[in-house]
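Peer 1: Each residue of the sequence shown is one higher than the one before, starting from 714 at the first, in my numbering. Just so it is clear, CB atoms sit at the ideal spot from N, CA and C, and this is done for glycine as well. Once you've had a glance at the structure underneath, I'll fire off some questions.
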Amino acid sequence: MALLNVDQLSVTFGGLQAVNQLSFQVLPGHIHGLIGPNGAGKTTVFNVITRIYNPDSGRISLLDQNVLGLEPHEVAAAGITRTFQNVELFQNLSVLDNVLAGQHTRIRYGMVASAVGIRRVRQEEDRATREALQLLELVKLRSVASHAASSLPFGQQRMLELARAIAVRPKLLLLDEPAAGMNSRESAELSELLRMIRAKFGLGILLVEHDMRVVMNICDRVTVMQYGQKLFEGTPYEVRSSPEVIEAYLGKKRSSTPR
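Written as structure tokens, this is what we have:
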């Protein structure tokens, strides 16, 4: 069974067809790339999956659950989390508190228990803090756990947003241009980190990314979009060799990798 199944998805904004009859699947434990030129509709797909936008038609399911029947706040509880093109953090909170916020769907006590401060609450808070610090260690931010999120440089803010998304313990992680603004060394480190996250947590990853080095290095399969439609789908090697994909990226037919 596919982890994520997008079936005949269509989205329009006024008279603009942003996504047109798009279908693809993300398999369990796979890193799946969703790529295409600017304006192809990639982020719109993310926004429908996470219920920010409503589609005109189509179906999206996570395992056997209809995602389109959920409210935005229920999507994370169902097992889907995401990062954004523009980093979205609680800037005035500490680095640690940002990751703790990502565990809100997994807290096992209610308001009454919290108010009276029973032992179970303390145990749960200790567990959450321990796990949050482990995630910060994973993304190399434990040393700045007490710092305000706003004090971090851009690259570290991206890593913090990633740690917060993983804190939910999702089945599927949506990453929207995680390598944006990174140099080649940072992109290589990100690729290795995503492989590690996939292996450690056993989750699937749907990746929107313009850095083809990242896409080709880590993706098991890639769906290419153009003008809201699926242009091509295959392995990274097949995508890299496709004349249709090369033409979409370069505007002419060439036998080279799209950049």
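Could you round the C-beta distance between residue 762 and residue 773 to whole angstroms and report it? I think they count as a contact, below 8 Å.
Peer 2: 6 Å
Peer 1: Under DSSP, the beta strand (DSSP E) around residue 737 begins and ends at which residues?
Peer 2: 729 to 739
Peer 1: Let me know the beta strand (DSSP E) ranges lying completely inside the stretch 851 to 921, each 3 residues or longer, listed in chain order.
Peer 2: 885 to 889, 917 to 921
Peer 1: List the whole-angstrom C-beta distance separating residue 722 from residue 768, where the pair is believed to meet the contact cut-off of C-beta under 8 Å.
Peer 2: The distance from the Cβ of residue 722 to that of residue 768 is about 6 Å, consistent with a contact at the 8 Å cut-off.
Peer 1: If contact is defined by three or more beta carbon pairs under 8 Å, each pair taking one atom from either stretch, is the stretch 838 to 851 in contact with the stretch 775 to 788?
Peer 2: no
Peer 1: Quick check on residue 811: buried or exposed, where buried means 16 or more other Cβ atoms within 10 Å of its Cβ?
Peer 2: Flag for residue 811 reads buried.
Peer 1: With a CB to CB cut of under 6 Å and the five nearest residues on each side skipped, what residues in its chain are close to residue 804?
Peer 2: 862, 863
Peer 1: Taking residue 745 as part of the beta strand (DSSP E), name the residues at either end of that continuous run.
Peer 2: 744 to 748
Peer 1: By how many angstroms is the C-alpha of residue 729 removed from the C-alpha of residue 840?
Peer 2: If you take the alpha carbons of residue 840 and residue 729, they lie about 48 Å apart.
Peer 1: For residue 924, count neighbouring Cβ atoms within 10 angstroms of its own Cβ and tell me buried if that reaches 16, exposed if not.
Peer 2: buried
Peer 1: So what does DSSP say about residue 929, is it helix, strand or coil?
Peer 2: In the structure shown, the three-state DSSP call for residue 929 is helix.
Peer 1: Rounded C-beta distance between residue 935 and residue 921? I'm assuming under 8 Å.
Peer 2: Not quite, the Cβ-Cβ distance comes to about 11 Å (not below 8 Å), so this is no contact.
Peer 1: Straight-line CA distance for residue 796 to residue 878?
Peer 2: 7 Å
Peer 1: Going straight from the alpha carbon of residue 873 to that of residue 880, what length do you get?
Peer 2: 11 Å
Peer 1: What is the residue span of the beta strand (DSSP E) that residue 800 lies within?
Peer 2: Where residue 800 is concerned, there is no enclosing beta strand (DSSP E), given that its DSSP letter is neither H nor E.
Peer 1: Are there 16 or more other CB atoms within 10 angstroms of the CB of residue 756, so buried, or fewer, so exposed?
Peer 2: buried
Peer 1: State the DSSP-derived secondary structure class of residue 957, mapped to helix, strand or coil.
Peer 2: Residue state, collapsed to three classes: helix.
Peer 1: How many whole angstroms separate the CB atoms of residue 875 and residue 919, which I take to be in contact at a CB cut-off of 8 Å?
Peer 2: With a Cβ gap of about 14 Å, residue 875 and residue 919 do not count as contacting.
Peer 1: Taking just the CA atoms, how far does residue 948 sit from residue 790?
Peer 2: Those two C-alpha atoms are separated by around 31 Å.
Peer 1: Could you tell me how far apart the beta carbons of residue 898 and residue 742 are, in whole angstroms, since I believe they sit closer than 8 Å?
Peer 2: Contact flag wrong, Cβ pair sits at about 27 Å.
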